[in-house]
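Enquirer: For the sequence shown, the positions run 28 to 188 when the working numbering is used. Beta carbons: idealized from backbone N, C-alpha and C, even for Gly. All of these numbers come straight from a predicted model, not from anything done at the bench. One structure coming up, written as structure tokens, with questions to follow.
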Amino acid sequence: MAYRMIHQDEINSLWIGVQTVRQSKQKAIDLLRSVSTYFEAADLVEYGLKIFSSDTPELIATIETPFGKGRARIGFSVVEAEVMTNLVFDREILDEKGRPSFQVVFVINLPRFESPFVGTNEPKNRLAIDSNLPHKVNEAHFAIGVTLIYAILNGPMKSVT
């Protein structure tokens with residue numbers, strides 16, 4: 028395998044990523060708080076989604092559903108030459124010896140200036156959490172919540188493209 032040094036555009040992207048880590052983590056926390064509040068409404072509480080903030084540095088939340096437990100944490104990736112913060116959801120599973128372990132089941136990308144998205148950064152994949160239209164924000168919160176419940180039940184929500 029051939030290796031190389033980092034290029035200037037990658038250095039720039041990395042520097043911007045380092046500068047925005049704290050801001051990105053807060054964006055993820057705010058998003059989870061909004062989803063949690065949305066699912067606490069009387070007509071949605073029966074879905075059984077509960078999100079609890081975490082004081083553990085590596086986690087931002089623990090999650091409970093009728094189908095199992097999970098967690099939310101921050102991850103990072105490079106998408107279109109930009110260091111992207113990822114809101115990573117893991118479900119708790121038991122290994123062959125009955126010990127708990129975790130499996131990534133769902134990821135939301137959190138760009139600095141655009142709406143969050145799932146999968147590729149195309150308009151159809153963006154979540155309208157920043158919309159001025161309350162029904163669009165509610166649709167996004169609902170979609171995140173039910174996807175999370177289903178992913179904890181069924182496993183990774185990978186795109187079929």
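1) If you follow the alpha helix (DSSP H) that serine 61 is in, where does it begin and where does it stop?
2) Going along the chain, which residues of its own chain have a beta-carbon closer than 6 angstroms to the beta-carbon of proline 210, five neighbours each way excluded?
3) Using a threshold of 7 angstroms, state whether the C-beta atoms of phenylalanine 116 and alanine 99 are closer than that.
4) Excluding sequence positions up to five away, which residues of its chain have a Cβ less than 8 angstroms from the Cβ of phenylalanine 153?
5) Could you tell me which residues DSSP puts in a beta bridge with lysine 77?
6) Is it a yes or a no for the region 115–130 touching the region 174–182, going by three-plus beta-carbon pairs under 8 angstroms?
Expert: Once the coordinates are examined:
1) Run containing serine 61: 48–66, per the alpha helix (DSSP H) assignment.
2) There is simply no residue 210 to check, as the chain begins at 28 and stops at 188 in what is shown.
3) yes
4) In the sequence on display, residue 153 carries arginine and not phenylalanine. Excluding sequence neighbours, arginine 153 sits near Glu141, Ser142, Pro143 and Phe144.
5) Glu91
6) yes
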